[in-house]
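Quick note on this note's numbering: the sequence shown kicks off at 180 and runs consecutively.
Using N, Cα and C, we set each Cβ at its ideal position, and we do this for glycine too.
I have placed the structure first, in the form of structure tokens, so that the comments after it can refer back to it.
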Amino acid sequence: MGRVEDILQVIKDDEKIDGKTLKVVVMTLYKVFLLENSNIQEEIKTIKEILKRHNEEIISLKNTAKNNQEEFTKTNEGIKKLINYIKNTPISKQDYISSEKENKCQPIKEIISTSSFPITPRSQNKQSEFKPLQTTKIDEQNKVIISQILKEKRNDVEPFIGTKEQYNIIGKFTQTITEWVGLSKCKVVYDSLSERSINKEETNKSFGEHVMNKPNICFFNFDENENIFGVFTSKGITEFDSEEHDDSIFCFLVKTKRIVSVPKKWSIKKSINCAISIKRDSSVLYSFGQTTGNGFVEIAKTWLKQSWSHNISSSFLAMNENALVGSNDSTFTVQRILVLEFY
């Protein structure tokens, strides 16, 4: 108020001016000044807040840029590691076979040279007429240890794929199988192990070409839990995705680590329509059981965890749901499929 008093004093010294009037004028002007000054202070405050926000945004952008730079550095290092990994990855299947394990694994070559079931007679006086198996020949370049090549890299677990051992297991039940089938001779018409060795993969077309239009075929499935089970039909399967009823079908279990007596055989129920269906275009190679889909087993391509058993007891006599694979409605992996033609 000091400046206003000074102004008023000047005005009072001038007798020609009405002091009250001038005081009112000056006070009015001062109020206007204060009002304008107040607005300026608010604008200054607003500007300071804007500058503060901009400063915070700048700091945030700097931090983001720093984080992006760190992420870029990590990504770049990851790409370099991937490139080095690819450069150092063996391009030959043989490179996967370590020198330490080379003498411990059973090569396919041994199966080819000894392609027969070992005979285990029930008694010394009773000889089996089960004849040697004829396996598919494999090119020399493909005679590698498949169990090593197909090893699961993530957990470094060797898959259950005993090659000759699997022939031996079936061979132990030679007489039982021939009695079930009613024929004493057989030959291998399909082996997923050989198929993967030669063609790198299994296809529905190749599977169908090997097993269709052949009577008396027996499917053996070796799963990840060391169950060996299968199905037999005396009728030839003539077309893909067929659901024609086949009363000659029976399924069986010859090996399991479960507390179950084996071998076991189950015939189909008389009132149930069952079939073996070779799939044309699917991850499933074949299925067997009810044509209505109420009780069946699907066998997917090996190493795919897509095989499963669904209410199979509704299709076969005196059977429980878990009989074949130890579970119901749970997916599992079939690691090898072997199909024999009896004659």
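Check: Buried or exposed by the 16-neighbour rule on C-beta atoms within 10 Å, applied to residue 474; Outcome: buried
Check: Start and end residues, alpha helix (DSSP H) containing residue 418; Outcome: Segment: none, residue 418 is in no alpha helix (DSSP H) and carries neither H nor E.
Check: Pick from 380, 357, 244 that is closest to residue 519, judged by C-alpha positions; Outcome: 357
Check: Close Cβ partners of residue 413 (< 7 Å) along its chain, the five nearest in sequence each way excluded; Outcome: 394, 395, 427
Check: Beta-bridge pairing of residue 518 - partner residues as DSSP gives them; Outcome: 369, 398
Check: Rounded separation between residue 458 and residue 419 - CA only; Outcome: 6 Å
Check: For residue 479, the residue or residues it bridges with in DSSP; Outcome: 463
Check: Coarse secondary structure for residue 411, derived from DSSP in three states; Outcome: strand
Check: Residue closest to residue 522, alpha-carbon to alpha-carbon, out of 384, 366, 431; Outcome: 366
Check: Residue 328 (DSSP reduced to helix, strand or coil); Outcome: The predicted position of residue 328 is uncertain, since its pLDDT is 38 and thus under 50; no value can be drawn from it.
Check: Coil, strand or helix - residue 360 by DSSP; Outcome: helix
Check: Touching by the beta-carbon criterion (3+ pairs, under 8 Å), the segment 459–467 and the segment 477–492; Outcome: yes
Check: Local conformation of residue 343 per DSSP, three classes; Outcome: helix
Check: Segment contact, 8 Å Cβ cut-off, at least three pairs: the segment 492–500 with the segment 434–448; Outcome: yes
Check: Backbone CA spacing between residue 401 and residue 258 [nearest angstrom]; Outcome: 40 Å
Check: Among 404, 436, 359, nearest to residue 397 - alpha-carbon criterion; Outcome: 359
Check: Where residue 349 falls, given that 16 or more other Cβ within 10 Å makes a residue buried; Outcome: buried
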